[in-house]
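The opening residue of the sequence shown carries number 0 in numbering that gives the first Met the number 0; numbering runs sequentially from there.
A virtual CB, placed ideally from N, CA and C, is assigned to each residue, including glycine.
One structure is given here, and the rest of the page talks about it.
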Amino acid sequence: MNRREREEQYDTYRTEYKNLEDTLDDLVEQERNLTSVYEELGWEWRDDMRMSAFFQNRIEKTAGIHAYVQNLLSGEMETVKKTLRLLEKEDEDR
Numbered sequence: 000m001n002r003r004e005r006e007e008q009y010d011t012y013r014t015e016y017k018n019l020e021d022t023l024d025d026l027v028e029q030e031r032n033l034t035s036v037y038e039e040l041g042w043e044w045r046d047d048m049r050m051s052a053f054f055q056n057r058i059e060k061t062a063g064i065h066a067y068v069q070n071l072l073s074g075e076m077e078t079v080k081k082t083l084r085l086l087e088k089e090d091e092d093r
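Pasting the structure below:
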């Protein structure tokens, strides 16, 4: 692989890493917003135990789904980060 191809590959991975980072930040913000909405709704329905339990269940499901996706994205970020380090090391060795 020539230098230009390596630079293009490096740029591609840097862009992918940045996109994953942005997606992860957005996901965390969405989780906060959803949890806040469900907490507000749960508070409004606090006199109805069934509805209150429903909103608590939604909070837990939202947290579970977001945690799962965060783990997937974090794993992908680690893979991209390792690839970036390998590309940097190859450049240093040349």
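Length of the line joining the Cα atoms of Asp-46 and Leu-40: 11 Å
Residue of Ala-62, Glu-20, Asp-90 and Ile-58 minimising C-alpha distance to Glu-75: Glu-20
Per-residue DSSP class, three states only, for Asp-47: coil
Nearest to Val-68 (by Cα), restricted to the options Thr-22, Glu-7, Glu-87 and Tyr-37: Thr-22
Span separating the alpha-carbon of Lys-81 from that of Asn-32: 32 Å
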